[in-house]
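>
Protein chains: 2
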Amino acid sequence: MYLQTEATKWVYLFSEGSKEMTGLLGGKGANLAEMSRLGMPVPNGFIITTEACLDYLEKKALSFSLKEQIEQQIDMLERVTQKKLDDPKRPLLVSIRSGARFSMPGMMDTILNLGMNDQVVEVVAGVTNNAGFAYDCYRRLIQMYGDVVKGVDKNYFETVLTHYKNQKNYLMDTELMDEDWKEITRQFKKVYYSHLGEGFPQDPKEQLYGAVEAVFHSWNNPRAKIYRKMNGISDDLGTAVTVQEMVFGNSGMKSGTGVAFTRNPSTGETGLFGEFLMNAQGEDVVAGIRTPKEISELKQIMPETYDQFTEIAEKLEKHYEDMQDIEFTIENGKLFILQTRNGKRTSKAAVEIVLDLVEEGVISKEEGLMRLTPSMMDQLLHPTFVASELAKHSPLVQGLPASPGSASGKVYFTAEAAKEANAAGDKTILLRNETSPEDIEGMAISEAIVTARGGMTSHAAVVARGMGACCVVGCDQLVIDEQQRKAYTNGQEILEGTLISVNGSTGKVYLGEIAKENHGGGSSTLSKIVQWCKELSDVRVKANAETGKEIAASLELGGEGMGLVRTEHMFFGEKRILEMRKMILEDDKQAKIKALTNLKEFQKEDFKTIFSLANGKSAIIRLLDPPLHEFLPNEKEIPTVAEVLGISVEDLQYRIEGLAENNPMLGHRGCRLAVTDPEIYEMQVEAIMEAAIEVGEEKGIEVVPEIMIPLVSIEKELALIKESLVRKSETIFEKMGKRVSYQIGTMIETPRACLIADKIAEQVDFISFGTNDLTQLTYGFSRDDIGKFVQDYEQKNIMPSDPFQHIDVDGVGVLLHEAIQKIKATSKKVSIGICGEVGGDPESIQFLLKEGVDYVSCSPYRIPAALLTIAQQRIKGI
Amino acid sequence: MYLQTEATKWVYLFSEGSKEMTGLLGGKGANLAEMSRLGMPVPNGFIITTEACLDYLEKKALSFSLKEQIEQQIDMLERVTQKKLDDPKRPLLVSIRSGARFSMPGMMDTILNLGMNDQVVEVVAGVTNNAGFAYDCYRRLIQMYGDVVKGVDKNYFETVLTHYKNQKNYLMDTELMDEDWKEITRQFKKVYYSHLGEGFPQDPKEQLYGAVEAVFHSWNNPRAKIYRKMNGISDDLGTAVTVQEMVFGNSGMKSGTGVAFTRNPSTGETGLFGEFLMNAQGEDVVAGIRTPKEISELKQIMPETYDQFTEIAEKLEKHYEDMQDIEFTIENGKLFILQTRNGKRTSKAAVEIVLDLVEEGVISKEEGLMRLTPSMMDQLLHPTFVASELAKHSPLVQGLPASPGSASGKVYFTAEAAKEANAAGDKTILLRNETSPEDIEGMAISEAIVTARGGMTSHAAVVARGMGACCVVGCDQLVIDEQQRKAYTNGQEILEGTLISVNGSTGKVYLGEIAKENHGGGSSTLSKIVQWCKELSDVRVKANAETGKEIAASLELGGEGMGLVRTEHMFFGEKRILEMRKMILEDDKQAKIKALTNLKEFQKEDFKTIFSLANGKSAIIRLLDPPLHEFLPNEKEIPTVAEVLGISVEDLQYRIEGLAENNPMLGHRGCRLAVTDPEIYEMQVEAIMEAAIEVGEEKGIEVVPEIMIPLVSIEKELALIKESLVRKSETIFEKMGKRVSYQIGTMIETPRACLIADKIAEQVDFISFGTNDLTQLTYGFSRDDIGKFVQDYEQKNIMPSDPFQHIDVDGVGVLLHEAIQKIKATSKKVSIGICGEVGGDPESIQFLLKEGVDYVSCSPYRIPAALLTIAQQRIKGI
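Line by line, the protein sequences are chains R and U. Using our numbering, you'd call the opening residue of the first sequence number 297 and step up by one each time. Using our numbering, you'd call the opening residue of the second sequence number 297 and step up by one each time.
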């Protein structure tokens, strides 16, 4: 509860405030006060504080002391304006506006023209010589007051007006004459009386207190509450109320009103950007009944006023050190600034404006970077649907937004069908229950990938992000029959070839094609930002990447090499998969070895490409991770594969069955493969070392292979495998007559590995936390199956957020913290990184920086956002 | 290194030692000293200490001071015996025996008849008037010395003897005459010379030092090392050496030798139990060439000696407070005790002897309990194969010993086939790739269950232990074709109906039937032990049990109620599974509710049975845990189920497919079911509450239901479900007009739950650690799939032990420790238990007791072992 002492100051004159006082005076009030202090032409007024609002909300009544202070300020306002409330000659009219600390546009209420009554309206009619204007003002007050203060739905008033216009065959408000507005005012008063059983209050003070209470009250209206929840604004702040002398842009042909940005909010281009209407009020601009003119045209109509406004706009931008969104009104040739605030802008504009402001010397690089958000970086990299076009479509299904972007194309249910259609020139969208490594090619050529199952870190999601491809996963209303080449959802059938559009940023999927637009600042814009970030970032950002395209993209986007090269992705080419299958399924030892030898040659070529592209930068190669059965043929391929292996279909089916697992995620994979079948990792190490030596010689650079052993949970597991890899490397160096320095590291991705991180740290050069698996194991959630219940969990608010997207600080975070402490206590030399999905998530990166990681590794297209996050934290001194 | 000062005493006379000095004098030496002190007729001698051994092993030579002390003691021995080494009239012969702190029977070397040479043999021949005996002694020394001291393989000597006997057509050694032995001695000396290039040493001192060195050396022979490793004996202890005057049981018809136990080592029955041979040496008894006589027959032959021996045996048992295994020799009518030690015995005998000794007042209950081992308790409950019969079979396959016992029966590959065969009167063994809850009935009627896949905590293993049924899992050399009703292993085909035998304690499976024997002490024996244990145990032991049979067994075996009632096991009856399937698959809300209502009635009956049997004891009921797809029909059942549901087969297949999961262990199960489908748990709670109220009224007892929510990983998950259960309970109390007290608890079985254990503890009355799932998640191991690599892990010594059998102290143990600390810091009232498999494992229980759990819950048949473990720890003050 707020202590209400004699000293409590509830009300501030504009001249008593400043822009720093947003907490007490609200954003609007503080800015009005600031402009007033700067000598800008601001209509006079005062501000009732947010504290007064909280006091009111607690006591459910305006306190005596508040009323007393309002009376005092009204007196002051009357003296300054030389007008008086209810004055028969110079009546004072005021506006009552809400204004919270954080902008909540349109969420709370406003009342204009307050002070009008049956007497004042006549005075205004006389003074302005415009009875229509005066009665239009009066009827607006009755409507707003009735709606906002007394709860009479504004539609009752609108209906009266519409009905009247229909009767008279008027199309537009401007056709209404003086007598019409008088009649409408009479009818509005009748509506007011009929709903409330009392007449419209004639006492301006009564109006004033009613309006203030109503604005206070509107802090807690449902739409304001929802807005705050969505935007993370506390419910405890309250709103301030600004009481300000009315100025009228609609008081004649030398009057007008407008809105202008000091720079283009879509593109960031310099120069005023805005529009205005002569003889109009702010509402008219918004309502869109008359077409406003471009701000530049004001120069012809009122050159002095235009120059004055231009000067003020420049001054305000300089003063606020940012692009401003300024509302102004001209009353009988006199310019008033009603509001200024930092202008909303697109991501592209935001970035361009920051670049310009820094170059203009208005702000520092650090200041500039702090004005950007990681999501802007993401948006710069992906096109979006044109908002007006999108609005015409309602989504067919909703899934999880796995990889941003907007795409349209024809539906195909298998990677093969998509490849064929693509070869024939079609844009394709791959629609599957879930994807597997065999779908990679079909994914690569598709505009988007949509799956019925899986979560944010499912195969489809991870691979699509790696490719920068648009992807929606876990559309669980979607039933896909891949064999019949059909999908069903909510009674609708989707056939192969159907045109759909996919929004990877919202998870929505639409029927038909939707027009797209590209926000992308030129690559030079992005590079500049990335460059600034890198100057400030001591923590490196690497890429999870293995194809040439991904690696090139990651380096262009600011990545410092590869933090995770997944070797299993390399086994799916047509020839490779066959050798892989031979290696797994052959009974004959010699045939197995032959397959391994062939695989080695493929791998070596891959590694040579990677080392060449990395060109001396880091490339952490993870040895084979998935269970072997992921490489086995599907039902359809079995006969062919059986023939190649020279065994019967039944025999092959037996062997495949023998490799099946109930819970592959917890099965025979990662370093466990190396314990049972050491020759696989040895083959990979041979390929790596040979590639490193050859690329080193060819390019005249030093290639230092970094080899990563996955899924360790026991210290001896690691020791055994490390020993075999070192031994193998030595034999290769001997064979080739040349050696390279190399590093051996491991992933910590099981809870147990976290618990024995000290014993792991003793053995390795680097450690990368695989937060995807770690999160799965910590919760006991399978990311492939979470789709079955995660929406219930979100609806019921059980999880604050998806732990696969944002690190779970209370669970996974605790394990990670303790592990990092143990690693650091054991060895200062071990480099610590993250290569799970959260490695690219700004929220998670903030946590990871505090924990003291040396690098994060993420999908190439998330690198700029990651770099910005790190730079911002460092600027904040974290 | 041992400091060798003047004060170091390397050699002890018998009269200088006692039974407490086993560390220094070895077990045998200390006991000889003890008997000597007790005035028993022990051949004179002295002991060289284990410290001397260690000194020797370090320096690789006998120290001067040691030799000096040996010389002194030899002098002393010569004086006492009035014999002398190498004496032409009364030559002294001695034995040299090893004797470590812990008995290592047969692992180290012994040399007898030391002191024999070309001269002494003639003296002995003269004195005994038995040249054959004298030369037999001599040739034995040459052989033993050659073998043990000089490394000449004893087979070279044996071959000579065999060859000689063949030449002469002798069948037995007793047929050899004086001249034969002389000739053999000559030939043995030739063998010795030809291998070593030197003659057999004639100096008894040289023999003595050589023998002592050899015995010291034998501490590190390979078989001794392996034995120590297997038995957990340190390599740093060294062996003592006993040098003792020879006595000869083979010196005539008034001589003899024998071994006797003071009680029957097989049954524990009181009274001497043993055998002897007249005119024989100890070796002859062991060699089995002549058939020894029962010890009681000695009474007829030498009544006085028999009485003397009986008296000594009684005295020794009283003195050592345990059943003794005594070796004796009679030399010309004079009795000598060569050795006494605590006798080895069967589990049954061990228990019976302990009961008797306590009743006889020889030892206290605590002392008695400390002499038992948890594995004895297990053995008492299960029959074993007759060892001699077992020896005739070699195993067909080897799997993991999942549930102890020995069984024979005919192989069946499906639960149904097993049931049919059982109904027709056959004993059956269920052989499957793995079992599922649908196999329960087939498992229940089978003698044993064998699976090709799965680990120690797989479904088959857990259920079999619950049933007390013999079970072997993870026989991965076994390929089972359930459809063809065949299995293959190592090229062998096993058809349905083949008779096999299964050893659940070793994991071995044999072809054919093997005879069995029952060790079981009567149930009164076991009850007495269990009763004593319970008097000493503050930590309760509960059962994981749900069927009437299991519950009854658990209560009889000392269980304090049920720590885990798995409700899912109740859904598999024919009618129940149908309702379950309806509940899962029906589209129609009404039909779903109807199915739930029917299920509720079934559950209620189950709970009434459980509460009635528990009769006021605890019964912790775990709400539904497995994923729903576990209840769905298999391929074969689909048409029938589709018909019942009134939908097409395709539609049913669709729905089933929609419920499939990639990693069911990490999927939509446990409390996650209650988040998406709250009505299931609500149904269960309704059944529980109604059952509790009704049983309470019928039996006039207070039933306090304990309801356990599984698989929690987020505090809000628990809060949400708890709230719904409480709300539901209240409506039931209202409906029934009666209420019961109840408790709500949860399982901690995910790593995350451990990390937030404090937040969980705030909400519940009890917490049970589910170490099975916790271990799976901590390692990232699926217990169903671990079979694919666990044997490699064991062979390569990567894991100290199977973490599903013995708690993984460094990983799971750390999580558990931290969680328990958090729980205790949050609330002292929350009861803490374990219901995973390690809850019945003695090694793990020791850890859990230190962590301060309030109860453990395990399979009914593991309760006695668990109780004994707890009692023993408490006796030790832990």
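Just so you know, even glycine gets a beta-carbon here, dropped at the ideal spot from N, CA and C. In this text, all values refer to a predicted model and were calculated from it rather than measured experimentally.
With a threshold of 16 other CB atoms inside 10 Å of the CB of Phe360/R, please say whether the residue is buried or exposed.
Phe360/R comes out exposed.
> With a threshold of 6 Å on Cβ separation, who are the neighbours of Arg1158/U within its own chain once the five nearest residues in sequence on each side are excluded?
Within the same chain, Arg1158/U has close Cβ partners Gly1136.
> Under 8 Å, do Ser391/U and Gln540/U count as touching if we go by C-beta distance?
Yes.
> According to DSSP, is Tyr403/U part of a helix, a strand, or is it coil?
This sequence places Met at residue 403/U; Tyr is not what is there. Met403/U falls in the coil class under three-state DSSP.
> In three-state DSSP terms, what is Pro387/R?
Of the three classes helix, strand and coil, the one that applies to Pro387/R here is strand, per DSSP.
> Touching or not, the region 1062 to 1075 of chain R and the region 932 to 946 of chain U, by the rule of three or more beta carbon pairs under 8 Å?
Counting Cβ pairs under 8 Å, fewer than three are found: no touch.
> For chain B, find out if any of its Cβ atoms is closer than 8 Å to the Cβ of Ile1052/U; answer yes or no.
Chain labels in this structure do not include chain B; the protein chains are R and U.
> Distance cutoff 8 Å, beta carbons only. Does Gln1072/U sit that close to anything in chain R?
Chain R, which has a Cβ nearer than 8 Å to the Cβ of Gln1072/U, makes this yes.
> Comparing C-alpha positions only, which one of Gly422/U, Tyr602/U, Glu656/U and Tyr806/U sits nearest to Ala687/U?
The shortest C-alpha separation from Ala687/U is found at Tyr806/U.
> Note down the Cα distance separating Tyr602/U from Ser311/U, rounded to an integer number of angstroms.
Straight-line Cα distance between these residues: approximately 26 Å.
> Report yes or no: is there a C-beta of chain R within less than 8 Å of the C-beta of Thr538/U?
Cβ-Cβ to chain R under 8 Å: no for Thr538/U.
> Restricting to runs no shorter than 3 residues, where is the beta strand (DSSP E) found entirely within the region 737 to 767 of chain U?
Whole beta strand (DSSP E) segments, 3+ residues: 744 to 747.
> Strictly by DSSP, which residues pair up with Met331/U?
DSSP, once it has assigned bridges, lists no residue as partnering Met331/U.
> For Leu774/R, which residues in the same chain have their Cβ closer than 7 Å to its Cβ, ignoring the five residues on either side in sequence?
Closer than 7 Å at Cβ, skipping near neighbours: Val693, Ala748, Ala783 and Thr785.
> Shorter than 8 Å from the beta carbon of Met1095/U to some beta carbon of chain R?
Answer yes: the Cβ-Cβ gap between Met1095/U and chain R drops below 8 Å somewhere.
> State the Cα-Cα distance for the pair Met331/U and Glu454/U, rounded to the nearest angstrom.
The straight-line gap from Cα to Cα measures roughly 36 Å.
> In chain order, which beta strand (DSSP E) runs of at least 3 residues are fully inside the region 990 to 1038 of chain U?
Those beta strand (DSSP E) runs which fall completely within the region 990 to 1038 of chain U and span 3+ residues are 1002 to 1005.
> How is Arg836/U classed by DSSP in three states: helix, strand or coil?
Strand at Arg836/U.
> Kindly provide the ranges of any alpha helix (DSSP H) runs that are 4 or more residues long and lie completely inside the region 827 to 877 of chain U, ordered along the chain.
Runs found: 844 to 852.
> Check this for me: beta carbons of Ala756/R and Thr731/R, under 8 Å apart or not?
The answer is yes: Cβ separation under 8 Å.
> Lys838/U and Gly855/U - do their beta-carbons sit closer together than 8 Å?
Closer than 8 Å, so yes.
> With contact counted as at least three CB pairs below 8 Å, one residue from each stretch, are the region 622 to 640 of chain R and the region 790 to 808 of chain R in contact?
No, the region 622 to 640 of chain R does not touch the region 790 to 808 of chain R.
> Using a C-beta to C-beta distance shorter than 9 Å, which residues of chain U count as neighbours of Met961/R?
Within chain U, the residues near Met961/R are Asn958, Asn959, Met961, Leu962, Gly1076 and Ser1078.
> Roughly how many angstroms separate the alpha carbons of Leu696/U and Gly770/U, rounded to a whole number?
Answer to the nearest angstrom: the Cα atoms are 6 Å apart.
> Is Lys782/U helix, strand or coil by DSSP?
Lys782/U falls in the strand class under three-state DSSP.
> So the alpha helix (DSSP H) Leu358/R belongs to, where does it begin and stop?
That residue, Leu358/R, is in no alpha helix (DSSP H); it is neither H nor E in DSSP.
> Counting only beta-carbon separations shorter than 8 Å, does Tyr977/U have a partner in chain R?
Not one chain R Cβ lies under 8 Å of Tyr977/U.
> Would you mind telling me which residues of chain U sit closer than 8 Å to Ser1009/R, beta carbon to beta carbon, in chain order?
Under the 8 Å cutoff, chain U gives Thr1074, Tyr1075, Gly1076, Phe1077 and Gly1107.
> Excluding sequence positions up to five away, which residues of its chain have a Cβ less than 7 Å from the Cβ of Val1060/R?
Around Val1060/R: Ile1040, Gly1041, Thr1042 and Val1126.
> Around the C-beta of Gly817/R, are 16 or more other C-beta atoms found within 10 angstroms, so that it is buried, or is it exposed?
Its pLDDT being 47, under 50, Gly817/R is placed unreliably by the model, and the measurement read from it follows with that caveat. By the neighbour-count rule (16 or more Cβ atoms within 10 Å), Gly817/R is buried.
> Looking at chain U, is there any beta carbon in it that lies within less than 8 Å of the beta carbon of Tyr298/R?
Any reading at Tyr298/R is ruled out, since the residue's pLDDT is 49, under 50, leaving its predicted position unreliable.
> Under 8 Å between beta-carbons, which chain U residues line up against Glu885/R? List them in chain order, please.
Going by the sequence as given, residue 885/R is Lys instead of Glu. Residues of chain U passing the Cβ test: none, with the nearest at roughly 17 Å.
> So, does the CB of Tyr452/R fall closer than 8 Å to a CB anywhere in chain U?
Judged by the 8 Å Cβ criterion, Tyr452/R is not in contact with chain U.
> Consider the Cβ of Arg918/R: report whether some Cβ of chain U lies at a distance smaller than 8 Å.
Judged by the 8 Å Cβ criterion, Arg918/R is not in contact with chain U.
> Rounded to whole angstroms, how far is the Cβ of Glu571/R from the Cβ of Pro588/R, which I believe are closer than 8 Å?
At roughly 4 Å, the Cβ-Cβ gap stays under 8 Å, so Glu571/R and Pro588/R are in contact.
> For a test of the three-state rule: what should DSSP assign to Gln675/U, helix, strand or coil?
Looking at Gln675/U - three-state DSSP - the assignment turns out to be helix.
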